[in-house]
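*Asks:* In UniProt numbering, the protein residues as written are 538 to 812. Cβ coordinates follow ideal geometry from the N, Cα and C atoms, glycine included. Take a look at the following structure, please.
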Ligand code: C2E
Ligand code: CA
Ligand code: CA
Ligand code: CA
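Put into structure tokens, the structure is as follows:
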């Protein structure tokens, strides 16, 4: 290996090998976790500001490996690139439907759950059939499920995805545009998307304490309302953020101020108190 003048090149290529090795390792861990059902869901409550009640829960997937819990930020992209995302997505849909069924058996009948859907999954020809079959099989109502799609997924007109989402909305599912404000969708296009809800990205909520940041969040809420969408703020961590969101008329909030994503056994108390 040549040293002079190539130091940075050498460093770069080692870093790439390191990254590639980690990816291969993570893909193997993910394959194994799918096979052994070592995936888990946690649920984060979403709270309606007007009532203070928990109206729905966001399902967030985790991977159990050894004693360790691995965050989706470390494996969702790898799942997408390797094609394993359809197996993960399938597992999430099944688990959520089964859980909603179990909750309704214990008297929690009107709960709703949001599922994060990756673009690769939403694009599939059989996406709506899969969801409809799962809700039917478990005896739950499509209106109990909201699908969260990130804004960047829908930036250009993506025919197949919007067709799938429209079909699902007709069947009673609702759709939320996740991470809103980060995907650069044109505002005129927003009006025509098959969505019910805007989820304001956490970065805007985090910055809402400043004069400018607060004005940006207020503008997003006003825009969403003008278009007849429900507005959810994610990543709410402080009382100041909450007070501002209430002032500007945000409908629902989600964040560590209320609850982190929780395991099912830790949720029941929250649900009975607030639902
Ligand atoms: P997301 O959909 O934007 O989910 C919100 C993330 O913010 C979650 O991270 C959640 O734990 C975290 N969070 C919630 N409240 C707060 C808060 O007050 N402060 C801060 N700092 N963070 C908060 P998580 O669970 O690590 O998920 C990361 C991303 O992974 C999700 O972002 C979503 O894009 C993806 N993901 C999670 N579950 C699934 C899934 O089942 N399928 C797919 N396709 N993607 C998933
Ligand atoms: Ca989400
Ligand atoms: Ca989000
Ligand atoms: Ca996000």
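1. Taking all protein chains shown into account, decide if residue 687 is buried (16 or more other Cβ within 10 angstroms of its Cβ) or exposed.
2. Mind the definition here: the region 718 to 731 touches the region 767 to 777 only if three or more C-beta pairs lie below 8 Å; say whether that holds.
3. Is residue 582 helix, strand or coil by DSSP?
4. Would you please state the rounded distance, in angstroms, between the beta carbons of residue 734 and residue 767? I believe it to be under 8 Å.
5. Report yes or no: do three or more beta-carbon pairs, one from the region 734 to 744 and one from the region 692 to 707, lie closer than 8 Å?
6. Can you tell me where the alpha helix (DSSP H) with residue 667 in it begins and where it stops?
7. Can you name, in chain order, every residue of its own chain whose Cβ lies under 6 Å from the Cβ of residue 685, other than the five neighbours on each side?
8. Is it true that the region 552 to 571 meets the region 598 to 614, where meeting means three or more beta-carbon pairs spaced less than 8 Å apart?
9. Using three-state DSSP, classify residue 612 as helix, strand or coil.
10. DSSP state of residue 769, grouped into three classes?
11. Does the beta-carbon of residue 794, which I'm using as the reference point, lie nearer than 8 Å to any heavy atom of ligand 1?
12. Identify the continuous alpha helix (DSSP H) that holds residue 704 and give its terminal residues.
13. Could you pull the start and end residues of the alpha helix (DSSP H) that residue 681 belongs to?
14. Any heavy atom of ligand 2 inside 8 Å of the beta-carbon of residue 766?
*Replies:* Straight from the coordinates:
1. Only buried fits residue 687, as 16 or more other CB atoms lie within 10 angstroms of its CB.
2. Fewer than three pairs of CB atoms, one per stretch, sit closer than 8 Å, so the region 718 to 731 makes no contact with the region 767 to 777.
3. Assigned with DSSP and collapsed to three states, residue 582 falls in strand.
4. About 4 Å; that satisfies the 8 Å criterion.
5. Of all C-beta pairs linking the region 734 to 744 to the region 692 to 707, fewer than three are shorter than 8 Å, placing the two stretches out of contact.
6. In this chain, the alpha helix (DSSP H) harbouring residue 667 covers 664 to 675.
7. The residues are 651, 653, 713 and 715.
8. Counting Cβ pairs under 8 Å, three or more are found: they touch.
9. When DSSP states are grouped into helix, strand and coil, residue 612 belongs to the helix group.
10. Of the three classes helix, strand and coil, the one that applies to residue 769 here is strand, per DSSP.
11. Distances from the CB of residue 794 to the heavy atoms of ligand 1 include at least one below 8 Å.
12. From DSSP, the alpha helix (DSSP H) with residue 704 extends over 696 to 707.
13. Judged by DSSP secondary structure, residue 681 falls outside any alpha helix (DSSP H); it is assigned neither H nor E.
14. Answer for residue 766: no, Cβ out of range of ligand 2.
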